[in-house]
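Notes for the one structure printed next.
In our numbering, the protein residues as written are 48 to 193.
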């Protein structure tokens, strides 16, 4: 009886530790490492949250895209940067296709958690993947948009 109880306790403990490592964490990470190097060099400008931008001359419509990447051995921040990088490129491609030169009011989401920050983004990360959803308004901006 004592051996059986010890076995059950050990099995339960292992299960708790194993499942505890599978939980997804929502992280708030800085945008600067993702957006800083290409500022002003892209044909489609990106403006997060209420970030100031030139006047909108034409509103085209809302765009939303998810990104999910499988984590390899890199850390959580590296995986999140890769996920948001893919999502931002998808936003730019959609804006180009629709005739826009900017995406404004960009928000990042993970499930029901959202941020409209102009300096940080949200990313859900687990031991196996990093994921987020990003949305904004495709527009045409007046002179000085890039």
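Every residue gets a Cβ at the ideal spot worked out from N, C-alpha and C, and that includes glycine.
- Around the Cβ of residue 156, a 10 Å sphere holds 16 or more other Cβ atoms; the residue is buried.
- Residue state for residue 164 is assigned as coil, using DSSP reduced to three classes.
- Relative to residue 97, the option among 163, 168, 104, 184 whose CA is nearest is 163.
- Secondary structure note for residue 98: it is in no alpha helix (DSSP H), with a DSSP letter that is neither H nor E.
- For residue 71, the closest of 102, 177, 139 by C-alpha to C-alpha distance is 177.
- A distance below 9 Å separates the beta carbons of residue 76 and residue 169.
- For residue 165, same chain residues with a beta-carbon under 7 Å away, outside a window of 5 residues either side, are 95, 96, 97, 98 in chain order.
- Shortest Cα-Cα distance from residue 118 to any of 181, 184, 174 involves 174.
- Of the candidates 125, 159, 145, 125 places its Cα closest to the Cα of residue 80.
- Residue burial is scored here from C-beta neighbours: residue 146 has fewer than 16 other C-beta atoms within 10 angstroms and is therefore classed as exposed.
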